[in-house]
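Residue numbers (this note's numbering): 47 to 187.
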């Protein structure tokens with residue numbers, strides 16, 4: 047790709063060349079307006095991510111149901127038990143032997159969960175255990 051600044055006569059001559067396959071005019075570019083670089087505010091519970099709205103977590107939080115004291119089991123391809131949002135509350139890190147909180151009938155595998163700021167609002171209130179099946183299911187008891 048070659049960019050040139052040329053008169054219309056030069057451009058007309060270039061269109062006659064067999065070794066030039068395509069020619070086009072550049073659009074006039076405009077600079078983006080400057081933006082405010084201050085950090086985004088903490089979104090808190092008042093503004094909820096789409097995924098949490100889909101599972102209606104925000105509706106439950108408003109009526110006081112937070113998941114505190116509940117146990118969550120993850121049946122998946124595995125869970126990263128050292129993830130900072132999960133590790134402090136994993137059954138295998140809280141006085142139980144890790145192998146009593148993990149079952150892998152196929153092979154030792156690990157899937158790192160995608161944990162964002164608001165998902166941590168859920169994971170910080172619950173205990174959890176994991177089962178490494180190739181099934182994607184989560185349940186709260």
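Even glycine gets a Cβ: it sits at the ideal position worked out from N, Cα and C.
Output the distance between the C-alpha atoms of residue i and residue j, rounded to the nearest integer angstrom.
i           : j           : result
residue 70  : residue 77  : 21 Å
residue 115 : residue 83  : 40 Å
residue 51  : residue 57  : 9 Å
residue 47  : residue 68  : 10 Å
residue 85  : residue 98  : 23 Å
residue 103 : residue 110 : 11 Å
residue 94  : residue 135 : 23 Å
residue 96  : residue 118 : 21 Å
residue 147 : residue 138 : 5 Å
residue 106 : residue 143 : 33 Å
residue 113 : residue 80  : 43 Å
Taking 7 Å as the limit between beta carbons, can you name the residues of its chain near residue i, skipping five residues before and five after?
i           : result
residue 153 : Bear in mind that a pLDDT of 47 at residue 153, under 50, signals an unreliable position, so the number given afterwards is only what the model happens to contain. Around residue 153: no qualifying Cβ.
Quick one: what's got a C-beta closer than 8 Å to residue i's C-beta in the same chain, skipping five residues either side?
i           : result
residue 188 : This structure does not reach residue 188, given that the chain is present from 47 up to 187, and the question cannot be answered.
residue 101 : none
What is the C-beta distance between residue i and residue j, in whole angstroms, given that I count them as a contact (C-beta under 8 Å)?
i           : j           : result
residue 133 : residue 127 : 6 Å
residue 66  : residue 75  : Not really, about 23 Å apart at Cβ, beyond 8 Å.
If you follow the alpha helix (DSSP H) that residue i is part of, which residue opens it and which one closes it?
i           : result
residue 100 : 96-100
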